[in-house]
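First up is the structure itself, then whatever we jot down about it.
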Amino acid sequence: MAPERLVETRPPGDAAPPGRGRAGASGALAAWVALATSELLAGLFPSVPSLVVAVGSGVIDRVPPLVKDLAIAVFGTFDKAALVAGMLLVAAVCGAALGVIAVRSLAGAAAGFAVFALVGVAAAVGERQASIPLVAATAVIAAAAGVVALRGLLVRGGPEPGPATGTASGDEAADAEPMTPRGGRRDFLRLAAGLALGAGAAAAGGRILTQRSAAAVARARVRLPAASARLPPPPAAASLPVDGISPLVTPIERFYRIDTALSVPRVDPAQWDLSVTGMVERPLRLSYDELLAMPHAEADVTLVCVSNEVGGDLVGNARWTGVPLRAVLERAGVQPGATQVVGRSVDGWTAGFPTEVAFDGRDALIAVGMNGEPLPIRHGFPARLVVPGLYGYVSATKWLSAIELTTWGAFDGYWVPRGWAKEGPIKTQSRIDVPRRASTVPAGRVAVAGVAWGGIRGIDRVEVSVDGGSWQRARLAEPLGAATWRQWVWDWDAERGRHELAVRATDGEGAVQTAERRRPAPDGATGHHAVTVEVV
Ligand SMILES: Nc1nc2c(c(=O)[nH]1)N[C@H]1C(S)=C(S)[C@@H](COP(=O)(O)O)O[C@H]1N2
Ligand SMILES: [Mo]
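Okay, so the sequence shown: first residue is -6 according to our numbering, each after it adds one.
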């Protein structure tokens, strides 16, 4: 097949091909369009690395040491921005050459774009996480975008079609002058400007998307270290076989989420570290890898939100893995008088609790794992605090960036000046999971069941009352730990009619859950959970 000659696609009577200058500019712009397209696709697909960055890294790996040293001497470091700028320049020069070639043979120019695509693929397939088919598709689409852009620019690049073709608008007095640039050139400039803007936006958008997905990609690669203090799997007897009861360990998809973040912080652990500062002997800065390298522990901890209403679902139980907070604080050396530990999040959120909580034997963790997975992004990846026995708002800082030791009086966490109590020990609570409120159940034997929790005090007894009658002792599942909720069930001999079921728990210290009804503010709701059901 004869190569397409742009000269011949031009309107009749327009024999002159685009000049070298315009052809070169068209080619340079088309090359950038191709690069921008590949950047956008790299942003959209986590398994497509940036081809520009991949080629750049390949260059860095291959340059002779002398050049590297020179670059460091000139830029101070082997400057990435300078490298990218250099690559854009090289792309523009090569693109310009392809633009000139395209005037004679579009196919020749297309072959040139294909060579670029191959270079990009070759550089990118070596990257971890790269999907070869997706990378290849990206390179092909990017090269095609470049060729299409180039063709579009070149067919508009020449002298103007005559007035007879009707492209010029009537408001131009110059229409009468045959040599005056008209629609054709304006068309070219308009398309060129549009492509430049579009390429800029695509490249910027691609970069932003890439940054955001870096956290997800990094999380997918994490291998959690085995805990040196491993817990046995939860005993079977810790779960009751009752339909509709909250599972002993809350699956991540069902775990409640509470935070002030409008958009979830997506932290790339490679760009992250945890500092331990304030009243410490040796301020620390721990990278993610350093944190993972420390001895790990596991802990079953029920997390509760202070905003949880009686009977509410802002509570969940998980098996957390991480570095004991105590170990990190001992490494930093807490100064005497440092009575408060403040957790700071990358998003500026803060929470503080008494320092003694880290040393009194409970399993306070700098958690990196949840239910055997790296911490989910919504739950604080790469690291968060989990402190048994304290409501989340005073303790459970997600996306943790700093741990600061200070005095109790010197600092108030995020929610304290907003009207919530400075101290937030979890109150003893119990919840009826089944039967559900306002449900209808058949008369006869009905399993009334749910969960109860008591901070770090554990649960010793759960009782159910029907229609305000005497408290009946429920059967308890085996405890998983003192800091977790405990399942319970009571077999009810249900008689026809409308009935109200209420529950109360007694904690491991013998304290009976109060009946006094209080709203969550300022330090956690109290009162008995009750449900009304229809027995038929
Ligand atoms: N960075 C940050 N961490 C935070 C919060 C927040 O708003 N921002 N909310 C806290 C509150 S009030 C609770 S109850 C727990 C909830 O943790 P979860 O979303 O993993 O269930 O996170 C705590 N950690
Ligand atoms: Mo909360």
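Even glycine gets a Cβ: it sits at the ideal position worked out from N, Cα and C.
By the 16-neighbour rule on beta-carbons within 10 angstroms, Thr253 is exposed. In this structure, Gly503 lies away from Val299, with their beta-carbon atoms at least 8 Å apart.
In chain order, the residues positioned with their C-beta nearer than 7 Å to some heavy atom of ligand 2 are Ile251, Cys298, Val299, Ser300, Leu307, Tyr384, Gly385 and Tyr386. Inter-segment contact for the region 268 to 275 and the region 470 to 478 is absent: fewer than three beta-carbon pairs are separated by less than 8 Å. Look at the beta carbons and you see the region 107 to 116 not touching the region 10 to 22: under three pairs across the two are nearer than 8 Å. No Cβ-Cβ contact shorter than 8 Å links Thr399 with Val321. The C-alpha of Val316 is placed about 16 Å away from the C-alpha of Asp353. As the crow flies, the alpha-carbon of Gly14 is around 26 Å from that of Ala75.
A buried status is given to Lys420, since no fewer than 16 other beta-carbon atoms sit within 10 Å of its beta-carbon. Between the alpha carbons of Ala29 and Ala231 lies a gap of roughly 56 Å. Between Ser280 and Ser338, the CB-CB gap reaches or exceeds 8 Å. Phe404: not part of any alpha helix (DSSP H); DSSP gives it neither H nor E.
For Gln333, the enclosing beta strand (DSSP E) has its first and last residue at Gln333 to Ser338.
Under the rule that a run must span 3 or more residues, the beta strand (DSSP E) segments found entirely inside the region 358 to 408 read 358 to 363, 377 to 379 and 393 to 399. When the beta-carbon positions are compared, Ala292 and Val242 stay at least 8 Å from each other.
Going by C-alpha positions, Ala495 is about 4 Å away from Ala523. Bounds of any beta strand (DSSP E) do not take in Gln328, whose DSSP letter is neither H nor E. A straight-line Cα-Cα distance of about 8 Å links Gly198 and Glu32. According to the DSSP assignment, Thr525 belongs to no alpha helix (DSSP H) but to the beta strand (DSSP E) extending over His522 to Val528. Closer than 7 Å to some heavy atom of ligand 1: that describes the Cβ of Phe248. Exposed is the label assigned to Asp486, since fewer than 16 other Cβ atoms lie within 10 Å of its Cβ. Within its own chain, the residues whose Cβ lies closer than 7 Å to the Cβ of Trp408, once the five positions on either side in sequence are excluded, are Tyr386, listed in chain order. As DSSP reads the structure, Phe346 sits in a beta bridge with Val334. The bridge partners DSSP lists for Ser268 are Arg278 and Ala395.
Note that the region 142 to 150 touches the region 175 to 189; at least 3 beta-carbon pairs, one per stretch, sit closer than 8 Å. Under DSSP, Ser458 takes part in a beta bridge, and its partners are Ala495. Per DSSP, reduced to three states, the secondary structure at Glu283 is helical. With contact defined as three or more Cβ pairs closer than 8 Å, the region 369 to 376 and the region 258 to 266 are in contact. At a cut-off of 7 Å, the beta-carbon of Lys391 counts as near ligand 1: some heavy atom of the ligand is closer than that. Scanning its chain for C-beta atoms nearer than 6 Å, with the 5 sequence neighbours on each side dropped, one finds around Thr507 the residues Thr519, in chain order. Short note on Ser280: C-beta not closer than 7 Å to any heavy atom of ligand 1. Here Arg212 is buried, its C-beta having at least 16 other C-beta atoms within 10 Å. In this structure the region 207 to 225 does not lie against the region 420 to 432, because fewer than three pairs of beta carbons, one per stretch, are closer than 8 Å. In terms of Cα proximity to Leu217, the closest of Arg149, Glu366 and Leu188 is Glu366. When the five nearest sequence neighbours on each side are left out, the beta carbons in the same chain lying within less than 7 Å of the beta carbon of Met80 are those of Val45, Val48 and Gly49, in order along the chain. Glu291 is bridged by DSSP to Thr314.
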